[in-house]
Amino acid sequence: MNLNSVEILTQYFPDLTPEQQQQFARLQELYGEWNAKINVISRKDMDNLMVNHILHSLAIAKVVRFPAGTSVMDVGTGGGLPGLPLAILFPEVKFHLVDSIGKKIHVVQEIAQELRLHNVKASHTRAEQVSEKYDFIVSRAVARLATFYQWIQFSFKKESVPEQGLYYLKGGDLDEELAEAGLVHEVYDLNTYFKEEFFETKKVVYIPQHPTA
Ligand SMILES: C[S@@+](CC[C@H](N)C(=O)[O-])C[C@H]1O[C@@H](n2cnc3c(N)ncnc32)[C@H](O)[C@@H]1O
């Protein structure tokens with residue numbers, strides 16, 4: 001199978017509609033176009049975009065299905081990962097993608113508009129400065145958990161769904177990082193869901209919240 005075809009996604013997410021498949025194919029093209037102008041994804045990794053970035057972002061959906069009507073913040077989204085692929089997958093969920101670098105947010109806004117993703121808002125801001133509250137927070141490759149959690153600990157809605165919390169894409173040996181953070185957590189190994197070698201050491205760390213209602 002061509003590792004950059006949308007089929008790589010449909011084998012793991014067989015319910016993708018033709019429109020979603022088209023959006024993912026277009027997302028791949030748009031990243032190619034934007035990356036030629038601004039480095040939003042490491043250039044050496046562009047050849048593996050579909051697996052290492054788009055499928056990796058969607059891996060969060062193997063661990064949690066965001067219910068329709070809920071809200072998600074993607075902290076340190078960079079060029080829109082994992083937020084944009086998740087927003088395509090969950091059109092009934094509202095996504096707020098934030099990053100402290102304005103030119104990256106500009107790219108995210110342009111891509112969201114081109115893909116007609118009406119469920120995406122992107123803001124040039126630091127996570128610590130966001131006052132809205134969310135059901136879920138997602139992230140990839142931004143900061144150590146202990147630091148990251150300090151930024152976002154007050155960004156959860158008080159009343160939410162039981163699966164509320166932070167879903168953080170991480171790699172490698174996390175024991176020290178998890179011990180340092182001292183938070184209740186669950187770790188999901190992504191190699192149980194995906195056969196590509198890339199996922200061998202990849203994980204989703206879930207930090208649950210405890211809603212009051
Ligand atoms: C290594 S990049 C990862 C980008 C993207 N999540 C990905 O996986 O491709 C880290 C990003 O986090 C952003 N960032 C770091 N600290 C932040 C903060 N406190 N609030 C918002 N964005 C932050 C940086 O500007 C950068 O774009």
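If you read the sequence shown in my numbering, its first letter stands for residue 1, the second for the next number, and so on.
Ideal placement from N, C-alpha and C gives every residue a C-beta, glycine not left out.
Note that the structure is a prediction, hence the values are computed from the model and not measured.
Which same chain residues end up closer than 7 Å to residue i when comparing Cβ atoms and leaving out the 5 residues on each side of it in sequence?
i: GLN109; result: ALA122
i: THR70; result: VAL93, ASP135, PHE136, VAL161
i: VAL6; result: GLN21, PHE24, ALA25
i: LYS218; result: Here the chain comprises residues numbered 1 to 213, so residue 218 is not present and cannot be evaluated.
i: PRO18; result: none
Using a Cβ-Cβ cut-off of 8 Å (strictly less than) and excluding sequence neighbours within five positions of residue i, which residues of its own chain qualify?
i: ALA61; result: PHE13, LEU86, LEU89, PHE90
i: GLY171; result: THR201, LYS202, LYS203
i: MET46; result: TYR31, GLY32, ASN35
Leaving aside the five residues before and after residue i along the sequence, list all residues of the same chain whose C-beta is less than 6 Å from its C-beta, in chain order.
i: ALA213; result: Here ALA213 scores only 46 on pLDDT, less than 50, and its place in the model is too uncertain to base an answer on.
i: ALA68; result: GLU92
i: GLU196; result: VAL51
i: TRP151; result: ALA127, GLU128
i: ILE207; result: GLY165, LEU166, LEU183, HIS185
i: LEU145; result: GLU177, ALA181
i: PHE198; result: VAL51, ASN52
i: HIS106; result: none
i: GLU163; result: VAL64
Measuring alpha carbon to alpha carbon, tell me which residue in the options is nearest residue i.
i: GLN28; options: LEU84, PRO67, PRO18; result: LEU84
i: VAL64; options: LEU190, THR201, PHE199; result: LEU190
i: ASN4; options: ASP15, GLN21, THR17; result: GLN21
i: GLN11; options: PHE66, PHE194, LEU115, LEU49; result: PHE194
i: PHE156; options: TRP34, GLN209, SER57, ARG26; result: GLN209
i: LEU30; options: VAL72, ALA112, VAL205, ASP175; result: ALA112
i: LEU58; options: THR17, PHE148, ASP175, PRO82; result: PRO82
i: GLU114; options: ASP15, TRP34, PRO18, THR17; result: TRP34
i: PHE148; options: GLU132, TYR168, LYS133; result: TYR168
Count the other C-beta atoms from every protein chain shown that fall within 10 angstroms of the C-beta of residue i, then say buried if there are 16 or more, exposed otherwise.
i: VAL154; result: Note that residue 154 is Phe in the sequence shown here, rather than Val. Looking at its Cβ environment, which holds fewer than 16 other Cβ atoms inside 10 Å, PHE154 is exposed.
i: LYS44; result: exposed
i: LYS37; result: exposed
i: VAL72; result: buried
i: HIS118; result: exposed
So residue i packs on residue j, CB below 8 Å; how close in whole Å?
i: VAL120; j: PHE95; result: 5 Å
i: ILE54; j: LEU9; result: 7 Å
i: ASP74; j: SER139; result: 7 Å
i: LEU97; j: THR125; result: The pair is not a contact, with the Cβ atoms about 11 Å apart (cut-off 8 Å).
i: VAL142; j: LEU174; result: VAL142 to LEU174, Cβ: 15 Å. No contact.
Ligand 2 and residue i: does any heavy atom of the ligand fall closer than 7 Å to the residue's C-beta?
i: LEU84; result: Inclusion of ligand 2 in the displayed structure is not the case, the ligand content consisting of ligand 1 alone.
Practice prompt. Only counting runs of 3 or more residues, tell me where the beta strand (DSSP E) segments fall wholly within the segment 145 to 185, in order along the chain.
Written response: Complete beta strand (DSSP E) runs here, min 3: 165 to 171.
Discussion item. At 4 residues or longer, what runs of the alpha helix (DSSP H) sit wholly inside the segment 18 to 53?
Written reply: DSSP assignment within the segment 18 to 53 yields the following whole alpha helix (DSSP H) runs of 4 residues or more, N-terminal first: 18 to 37.
Worksheet entry | Entirely enclosed beta strand (DSSP E) segments - the segment 77 to 159, minimum 3 residues | Qualifying beta strand (DSSP E) stretches, in chain order: 94 to 99, 120 to 124, 136 to 140.
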